[in-house]
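Reviewing the structure listed below.
Numbering (my numbering), first residue to last: 85 to 742.
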């Protein structure tokens, strides 16, 4: 890859540390092919169902399987999707709680073979009913609390190998419990948590003290404790244990070195100090003849990404990738994630966009299926799509990224629900700006919205702007559907979106006079009226009336011949004008006033003229003249008209009448 292959400086801080490291790369000797019969492949309970599912093309109009396929129960907005999914998960958690609290009621075993997941959780209190084999099984299943309970019962009868396994479990989870595998939806919608710190545990310390006194177990014990403390941000303690293990001559594992590289930035502040510590770890690995892997590369690039100065970070990143490539280490998605962060997110505002992302996509396309190696792998696709949309503004690159995500089983690397939503936000953003409106709707919007992705308000704003920038013949048929989605996504409280959509209906996307779209527009406008008035009745003021919005609502009802509705709005403008922010435009007032004259609606004409007089509209005298000339006014109506205009205007009216 060209961007990683360039050398910025022959005096690089890192290059000199690799000569022996590269020499330790494993060389695969050529030998005659040997036919080996593969072992039986273990299949999960749903593997066959998943294989069958791949034979069926996805229906973009259908909701996800977890939702009931019922038009009254299908969620559309992001809030509804999350609420519906977690409500179902809540029922599952309630059932699990009842099973745990009333275990005596669930002792029947009708399934053959027994389904362990359906049985109540066992409480371990009797030493005679536990064994070391049971402890090993519990450790393998990741049940930390149960493992501690059994260990306390067996303590003196547990072998060192089992103690080591328990120590590794405790260091991996520390104060946390393993997240239940049944709660998939909670994990999907769960927000990222703040990094947790190492919490003191007496049993962990006791096991470690026991194991480190024995030569046969000390090395593994030190490695486990160093990894645990480094993982939970107790970097100083981890480094102290590393120095202690080195003094005693215990070997340090590759995984331990990798995780220590990841916490260097928490120990050292300056760039040179961090790089010096990194090169020191490289030398330790070199001396121990330890071959680096993709984890070493990822943690090294992560350290480079933490360097404040952009040019220094780029130089170090290039050197690292060059040396690891020579050592035969294949980068993981997380390695590329940190590299993209350096080249794009930390780039200067006036610098030219790098070609790195295109090179990475080309390399990944040649791999086929991408294996997940690091937890940070799930951040790659979201960042790549963000770069394609905001830095490169290249829809072709975005399509390549999306095709790569959908190939094989790569979609599992999308991460959680939030990452998926951000990914599709940038995917639609780059295409709505760089494609024609009809192509965007057909190939990108319709296959994703609303069941796979609910567009955020800024994406809907971009789409409405695209409607306004295109010919009315293209945007007019689309506007009713876009409005339906605004309602489904609970965006009626977004004043900017409502105002933009209504303004398009009244101005840019005006259908022919006899078109049924006029009625659709009127229904949309009245939905806004009902929404705001319902909020007012409940003393909830999420959106306030503005003059332009009220004017658009009235005009859309007028064009659909909804007499009762648009005259009601005019009356509201007159009687409740203190709740209206800003006046309607002169074009809106003129269209409504002319409709009053043509329809013979004298009361509405007077109300509108009175409202215009109160807000200081300059054409009030002209409106008064038109009312006098077009209507036969009763005495109270004439007196009201006299109160709206100056005496000179009234005298002119009298002269005209003579």
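Just so you know, even glycine gets a beta-carbon here, dropped at the ideal spot from N, CA and C.
If contacts are defined as beta-carbon pairs under 8 Å, then residue i and residue j qualify, I think. What distance do you get, rounded to the angstrom?
| i | j | result |
| --- | --- | --- |
| residue 688 | residue 633 | 19 Å between Cβ atoms; not a contact. |
| residue 708 | residue 686 | The pair is not a contact, with the Cβ atoms about 12 Å apart (cut-off 8 Å). |
| residue 701 | residue 664 | Not a contact, Cβ separation roughly 13 Å. |
| residue 348 | residue 361 | 5 Å |
| residue 273 | residue 501 | 5 Å |
| residue 788 | residue 589 | Only positions 85 to 742 of the chain appear in the structure, and residue 788 is not among them; the question remains open. |
| residue 203 | residue 231 | At roughly 18 Å, the Cβ-Cβ gap does not stay under 8 Å, so residue 203 and residue 231 are not in contact. |
Which partner residues does residue i have in the DSSP bridge list?
| i | result |
| --- | --- |
| residue 571 | According to DSSP, residue 571 bridges with nothing at all. |
| residue 630 | 665 |
Quick check on this structure: which residue in the options has the alpha carbon closest to the alpha carbon of residue i?
| i | options | result |
| --- | --- | --- |
| residue 298 | 403, 343, 248 | 248 |
| residue 488 | 504, 453, 134 | 453 |
| residue 294 | 239, 331, 311 | 239 |
| residue 420 | 388, 578, 288, 207 | 388 |
| residue 503 | 461, 519, 521 | 461 |
| residue 396 | 354, 536, 467 | 354 |
| residue 439 | 448, 427, 348 | 427 |
| residue 648 | 250, 606, 359, 321 | 606 |
| residue 537 | 522, 569, 302 | 569 |
| residue 425 | 457, 505, 404, 468 | 468 |
| residue 269 | 358, 173, 509 | 173 |
| residue 604 | 693, 560, 670, 575 | 560 |
| residue 505 | 524, 534, 517 | 534 |
| residue 352 | 319, 178, 333 | 319 |
| residue 727 | 587, 365, 691 | 691 |
| residue 280 | 188, 257, 302, 289 | 257 |
| residue 371 | 336, 308, 654, 184 | 336 |
| residue 221 | 234, 212, 477 | 234 |
| residue 151 | 383, 137, 169 | 169 |
| residue 84 | 654, 215, 645, 183 | Lying outside 85 to 742, the shown extent of the chain, residue 84 is not represented and no answer is given. |
What three-state label does DSSP hand residue i in the structure shown?
| i | result |
| --- | --- |
| residue 145 | coil |
| residue 612 | helix |
| residue 722 | helix |
| residue 237 | helix |
| residue 676 | helix |
| residue 193 | coil |
| residue 481 | helix |
| residue 205 | coil |
| residue 711 | helix |
| residue 284 | coil |
| residue 244 | helix |
| residue 520 | coil |
| residue 440 | helix |
| residue 91 | Only weak support is given to the placement of residue 91: the predicted model assigns it a pLDDT of 42, under 50, and the question is left unresolved by the model. |
| residue 121 | coil |
| residue 554 | coil |
| residue 506 | helix |
| residue 446 | helix |
| residue 255 | helix |
| residue 472 | helix |
| residue 750 | Examination of residue 750 is not possible in this model, given that the chain is present from 85 through 742 alone. |
| residue 697 | helix |
| residue 110 | Residue confidence is low: residue 110 scores 44 on pLDDT, short of 50, so the model does not pin down where it sits. Its coordinate-derived value is still stated next. Residue 110: coil per DSSP, three-state reduction. |
| residue 464 | helix |
| residue 157 | coil |
| residue 494 | helix |
| residue 560 | helix |
| residue 431 | coil |
| residue 105 | Unreliable positioning characterises residue 105 in this predicted model, as indicated by a pLDDT of 46, which lies under 50. The coordinate reading is nonetheless provided below. Residue 105: helix per DSSP, three-state reduction. |
| residue 683 | helix |
| residue 512 | helix |
| residue 261 | coil |
| residue 529 | helix |
Should residue i be flagged as near chain D, meaning a C-beta pair shorter than 8 Å?
| i | result |
| --- | --- |
| residue 130 | Absent from the structure: chain D. Only one protein chain is present. |
Contiguous alpha helix (DSSP H) assignments of at least 4 residues, all confined to the segment 292-345 = 299-315, 319-331
Along the chain, which unbroken stretches of the alpha helix (DSSP H) at least 4 residues long are found entirely within the segment 352-426?
-> 355-371, 378-389, 394-410, 417-424
In chain order, which continuous runs of the beta strand (DSSP E) of length 3 or greater are located wholly inside the segment 633-660?
-> none
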